[in-house]
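In case it helps, my numbering puts the sequence shown at residues 947 to 1119.
Just so it is clear, CB atoms sit at the ideal spot from N, CA and C, and this is done for glycine as well.
None of these values were measured; they are calculated from a predicted model.
For reference, the structure discussed in these notes is given below.
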Amino acid sequence: MPINRARTQKNFNLYINGENLAGKVSKVKLPAVAEKVEEHRGAGMGMPIDLKMGLEAMEMTFTTTDIGVEQELITAIRDGQDQQFIFRSSASTDESPSDTIMTEVTINGSIQKVEVGDFESGSKIDTDFTVKSIKFYEKKVDGQQVFLFDLFNHKWVVNGVDQWASERADLLI
């Protein structure tokens, strides 16, 4: 029986408001998606249970290794204004390098922290960015939507099923 090889990421890119950062971004950490729960133990309950209270706040980080006016303008903190971040990656196995899987993540949020690394003669300068206040997060794998989170439209879609559809209907007039 042949061994199923895990695909590994071969390359990736990040776009900010449509600006291509190829060759300038060295690392991206996508947001963790976690349910927010609150422990509850009511009368007559022998143990507490978790009540689902929506989703935890999301955060994305990325690191660049380029300094220059263009990058500074693209990544400047804009007083909380949302920016669009598109992350694209390609993964394959060593046995089938042309059989790739593409992942695309679109995020709307704002850069809220910029941390410039140490200036040292003869070395690259890493700058770390933190994106918070994420209001939109969509993940597609090979063109198929895996999930979508849209705060303003009160949507949480997983594999085509809108998890919050009935709740949204209850709240609309």
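What are the residues that DSSP puts in a beta bridge with PHE1033?
-> Checking the DSSP bridge columns, you'll see PHE1033 partnered with LEU960 and VAL1051.
Give the range of the alpha helix (DSSP H) segment to which ILE1020 is assigned.
-> Run containing ILE1020: 1015-1021, per the alpha helix (DSSP H) assignment.
Between ILE949, ASP1012, LYS973 and ARG951, which lies nearest to LEU960 when the distance is taken from Cα to Cα?
-> Nearest in C-alpha terms to LEU960, of all of ILE949, ASP1012, LYS973 and ARG951, is LYS973.
Using the C-alpha atoms, what's the distance from MET1004 back to GLY988?
-> Near 30 Å, if we compare the C-alpha coordinates of MET1004 and GLY988.
List the endpoints of the continuous alpha helix (DSSP H) containing SER1112.
-> Element bounds for SER1112: 1111-1117.
Could you check which residue in VAL1103, PHE1098 and PHE1075 has the C-alpha nearest to that of LYS970?
-> When each option's Cα is compared against that of LYS970, the closest is PHE1075.
Please name the residue, chosen from GLU1061, ASP1088 and SER1079, that lies closest to ILE1071 on a Cα-to-Cα basis.
-> Scanning GLU1061, ASP1088 and SER1079 for the CA closest to the CA of ILE1071 turns up GLU1061.
For LEU997, which residues of its own chain have a beta-carbon under 7 Å away from its beta-carbon, when the five flanking residues on both sides are left out?
-> Taking C-beta separations shorter than 7 Å and ignoring five residues to either side along the sequence, the partners of LEU997 in its chain run VAL983, GLU984 and HIS986, following chain order.
Within the region 1061-1116, note down every full beta strand (DSSP E) run reaching 3 residues or more, in order along the chain.
-> If we require 3 residues or more, the beta strand (DSSP E) runs fully inside the region 1061-1116 come out as 1073-1087, 1090-1096 and 1101-1104.
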